[in-house]
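Report on the following structure.
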Amino acid sequence: MFNSSLRELGAALAAKKISAVELATLFLDRIDTLNPALNAFITTDRDKALAQARAADEHLKLGAGATALSPLCGIPLAHKDIFCTRGWRTSCGSKMLANFVAPYDAAVVEKLADAGMVTLGKLNMDEFAMGSSNESSHFGPVKNPWDTSRVPGGSSGGSAAAIAARLTPAATGTDTGGSIRQPAALCGLTGIKPTYGVVSRYGMIAFASSLDQGGPMAKSAEDCALMLSAIAGFDVRDSTSLERPPEDYGRDLEKPLAGLKIGLPREFFGPGMDDDVRAAVEAALAEYRTLGATTVEVGLPNSGLSVPAYYVIAPAEASSNLSRFDGVRYGYRAPDYDDLEQMYSRSRAQGFGPEVKRRILIGTYVLSHGYYDAYYLQAQKIRRLIAADFAAAFEQCDVIMGPTSPSVAFPIGAKSTDPVQMYLSDIYTVSTNLAGLPGISLPCGFGGTGLEKPMPVGLQIIGKWFDEARMLNVAHKYQQVTDWHKQLPEVAK
Ligand code: GLN
Numbered sequence: 002m003f004n005s006s007l008r009e010l011g012a013a014l015a016a017k018k019i020s021a022v023e024l025a026t027l028f029l030d031r032i033d034t035l036n037p038a039l040n041a042f043i044t045t046d047r048d049k050a051l052a053q054a055r056a057a058d059e060h061l062k063l064g065a066g067a068t069a070l071s072p073l074c075g076i077p078l079a080h081k082d083i084f085c086t087r088g089w090r091t092s093c094g095s096k097m098l099a100n101f102v103a104p105y106d107a108a109v110v111e112k113l114a115d116a117g118m119v120t121l122g123k124l125n126m127d128e129f130a131m132g133s134s135n136e137s138s139h140f141g142p143v144k145n146p147w148d149t150s151r152v153p154g155g156s157s158g159g160s161a162a163a164i165a166a167r168l169t170p171a172a173t174g175t176d177t178g179g180s181i182r183q184p185a186a187l188c189g190l191t192g193i194k195p196t197y198g199v200v201s202r203y204g205m206i207a208f209a210s211s212l213d214q215g216g217p218m219a220k221s222a223e224d225c226a227l228m229l230s231a232i233a234g235f236d237v238r239d240s241t242s243l244e245r246p247p248e249d250y251g252r253d254l255e256k257p258l259a260g261l262k263i264g265l266p267r268e269f270f271g272p273g274m275d276d277d278v279r280a281a282v283e284a285a286l287a288e289y290r291t292l293g294a295t296t297v298e299v300g301l302p303n304s305g306l307s308v309p310a311y312y313v314i315a316p317a318e319a320s321s322n323l324s325r326f327d328g329v330r331y332g333y334r335a336p337d338y339d340d341l342e343q344m345y346s347r348s349r350a351q352g353f354g355p356e357v358k359r360r361i362l363i364g365t366y367v368l369s370h371g372y373y374d375a376y377y378l379q380a381q382k383i384r385r386l387i388a389a390d391f392a393a394a395f396e397q398c399d400v401i402m403g404p405t406s407p408s409v410a411f412p413i414g415a416k417s418t419d420p421v422q423m424y425l426s427d428i429y430t431v432s433t434n435l436a437g438l439p440g441i442s443l444p445c446g447f448g449g450t451g452l453e454k455p456m457p458v459g460l461q462i463i464g465k466w467f468d469e470a471r472m473l474n475v476a477h478k479y480q481q482v483t484d485w486h487k488q489l490p491e492v493a494k
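Numbering (our numbering), first residue to last: 2 to 494.
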């Protein structure tokens with residue numbers, strides 16, 4: 002059961018083969034046994050989870066009678082700890098919020114709860130979602146279930162490790178510069194970052210507001226389509242939420258791929274990508290050709306500037322967003338201080354970890370008088386050029402493909418003392434966020450030549466704005482003819 006798809010779980014619940022309480026118990030027991038070695042969950046609450054499961058069982062008993070029953074009713078999931086969850090500690094991976102209990106639900110949490118999904122707990126993450134390895138969490142690093150000496154990716158590393166070890170059938174994640182796709186790639190999962198504005202950011206603790214987007218992480222594109230259909234939609238409480246009619250993102254899953262035009266940016270296939278990653282991605286492209294797709298080389302000439310532009314814009318927005326953590330309204334307050342000024346500075350000095358401080362310093366610097374034009378404004382101009390590159394590339398193709406990450410999961414500690422090396426993990430993912438485009442990562446093989454344990458490789462598909470249904474179709478057809486997404490790490494068996 003712990004390995005079933007969301008559709009299979011939904012069918013088993015509807016057919017009363019298992020109850021929501023039994024299903025939640027099965028996963029909570031797995032969490033108790035397997036989580037200590039992985040550190041993916043940082044909060045669980047059996048009573049709360051089972052209360053939700055009992056409510057779901059009540060709905061399931063009534064069946065589709067009174068209100069239309071969601072296909073997700075009774076299925077367990079877990080939330081990245083960046084999503085405010087009423088009555089649950091919501092720490093954002095930080096000492097600053099280590100004792101913060103959210104008084105309300107984020108829009109994403111609310112929608113999945115309304116669908117009858119059962120919250121198992123909250124998932125570890127890089128502090129304030131800043132990182133690519135989940136090593137910056139106040140609660141300690143998450144371990145990759147495929148090899149516990151390696152990182153799961155970040156910042157949604159807890160979400161990725163939890164699904165890979167089958168501690169939850171699905172999870173929520175957020176992606177500011179790759180944090181859904183990169184951990185999905187490193188842990189052998191499927192994760193989609195929707196078009197900016199499709200999923201409400203209400204109640205999702207802000208990192209870089211013009212880049213942040215929540216989305217689902219799961220075992221397959223089909224599962225992601227079900228979850229995305231449940232969480233997408235306009236929300237008056239998020240001023241950048243887009244007013245669009247609701248969509249069934251799974252509507253095109255079965256569409257044949259004959260005639261699909263795949264764009265391959267030459268900048269994504271140059272040096273920088275490890276050979277084992279390249280081999281797996283090339284093999285996936287060959288599979289797509291067999292499915293009737295054609296490939297065309299495209300150019301994204303400004304993509305080399307995406308990491309520098311991102312690491313100006315994201316810290317700039319973060320420095321502003323994180324100013325709310327001052328020890329006054331909520332969160333950590335330093336125990337000793339002489340005056341207000343000292344209370345602010347000590348609370349922030351003690352409450353934030355080194356990566357968060359680094360971002361606040363960079364962000365404050367690039368926004369300061371005298372440097373604003375040289376850095377922030379330039380970065381915004383580059384951002385526009387990057388979006389224009391994609392628009393031009395999409396004149397020639399339906400989707401763009403390439404690697405998600407330049408390498409397989411690296412050892413814990415390998416990059417944690419070198420921020421620039423860490424930032425380069427995002428080389429293939431950040432341009433999508435800068436352009437507001439949707440992107441999905443799905444497993445396409447294993448790499449790690451010479452390693453004791455093979456590590457998953459992710460294929461990235463980037464779609465046109467609002468073309469999530471098409472991307473999910475393209476990912477799903479591949480998953481019907483391959484079984485990379487069905488492989489399990491040893492610890493999960
Ligand atoms: N790794 C990137 C960063 O550190 C992206 C993080 C994210 O998408 N939340 O900013």
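Yeah, the Cβ is synthetic: ideal placement off N, Cα and C, and Gly gets one too. If you're wondering where the values come from, they're calculated on a predicted model, not measured in any experiment.
What three-state label does DSSP hand Ser432 in the structure shown? helix
Since Gly192 is in the beta strand (DSSP E), which residue starts that stretch and which ends it? 191-194
Tell me whether Thr175, by its Cβ, gets closer than 7 Å to a heavy atom of ligand 1. yes
Ranges of the beta strand (DSSP E) found wholly within the region 451-487, counting only runs of at least 3: 456-464
Taking DSSP as the reference, what is the three-state secondary structure of Glu396? coil
DSSP three-state assignment for Glu255, whether helix, strand or coil: coil
My output table needs one value for Ala67: the three-state DSSP class, helix, strand or coil. Any reading at Ala67 must be qualified, since the residue scores a pLDDT of 47, below 50, and its modelled position is unreliable; the value itself is stated next. Coil, per DSSP.
Where Cys445 falls: helix, strand or coil (DSSP): strand
Ligand 1 and Asp419: does the residue's C-beta get closer than 7 Å to at least one heavy atom of that ligand? no
Going by beta-carbon coordinates alone, are Thr177 and Gly215 separated by less than 8 Å? no
Just confirm the distance between the C-beta atoms of Tyr512 and Gln351, as a whole number of angstroms; I'd bet it's less than 8 Å. Residue 512 is absent from the structure shown; the chain starts at 2 and stops at 494.
At what residues does the alpha helix (DSSP H) containing Thr418 begin and finish? Element bounds for Thr418: n/a, residue is neither H nor E.
Is Pro142 near Asn135, with beta carbons less than 8 Å apart? yes
For the region 177-236, list the alpha helix (DSSP H) runs that are entirely contained and at least 4 residues long, ordered along the chain. 182-188, 222-232
Compute the minimum distance between the beta carbon of Lys371 and the heavy atoms of ligand 1, and state whether it is under 7 Å. Before going on, a small fix: residue 371 reads as Gly here, not Lys. False, no ligand heavy atom lies under 7 Å from that Cβ.
Have a look at Ser442, Ala13, Ala79, Ala116 and flag the residue whose alpha-carbon is nearest the alpha-carbon of Pro170. Ala79
Measure the beta-carbon distance from Ile441 to Thr191 and round it to whole angstroms, keeping in mind my assumption that it falls under 8 Å. 7 Å
Counterpart residues of Glu26 in DSSP-defined beta bridges: It should be noted that the sequence gives Thr, not Glu, for residue 26. Answer is none; Thr26 lacks a bridge partner.
Determine the extent of the beta strand (DSSP E) in which Gly11 is found, giving its start and end residues. Counting along the chain, Gly11 falls outside any beta strand (DSSP E), though it belongs to the alpha helix (DSSP H) covering 7-15.
Please decide whether Val492 counts as near chain B, where near means a Cβ-Cβ distance under 8 Å. Included in the structure is just one protein chain, with no chain B present.
Could you check if Met205 belongs to the surroundings of ligand 1, using beta carbon to heavy atom distance under 7 Å? no
For Gly260, tell me which candidate among Val475, Asp33, Pro37, Gln480 has the shortest Cα-Cα distance. Val475
Beta strand (DSSP E) runs contained entirely in the region 308-334, provided each spans 3 or more residues: none
Using a Cβ-Cβ cut-off of 6 Å (strictly less than) and excluding sequence neighbours within five positions of Pro455, which residues of its own chain qualify? Phe447, Gly449
Under the rule that 16 or more other beta-carbon atoms within 10 Å means buried, what is Asn125, buried or exposed? buried
Can you list, in chain order, the residues of its chain whose CB lies under 6 Å from that of Val102, leaving out five sequence neighbours each side? Arg90
When the Cα of Ser180 is compared with those of Ile463, Ser417, Gly464, Thr405, which residue comes out closest? Thr405
Using only the alpha-carbon positions, how far apart do Asp340 and Asp327 sit? 13 Å
Between the C-alpha atoms of Ala375 and Thr295, what's the straight-line distance to the nearest angstrom? 42 Å
Cβ of Glu318 within 8 Å of Cβ of Ser211? yes
Can you grab the Cα-Cα spacing for the pair Ala67 / His486, in whole Å? Because Ala67 carries a pLDDT of 47, less than 50, the predicted location of this residue cannot be relied on, and no value is offered for it.
With three or more C-beta pairs closer than 8 Å as the rule, is the region 266-276 touching the region 229-236? no
Measuring CB atoms only, is the region 421-438 touching the region 156-173, in the sense that at least three cross pairs come out at less than 8 Å? no
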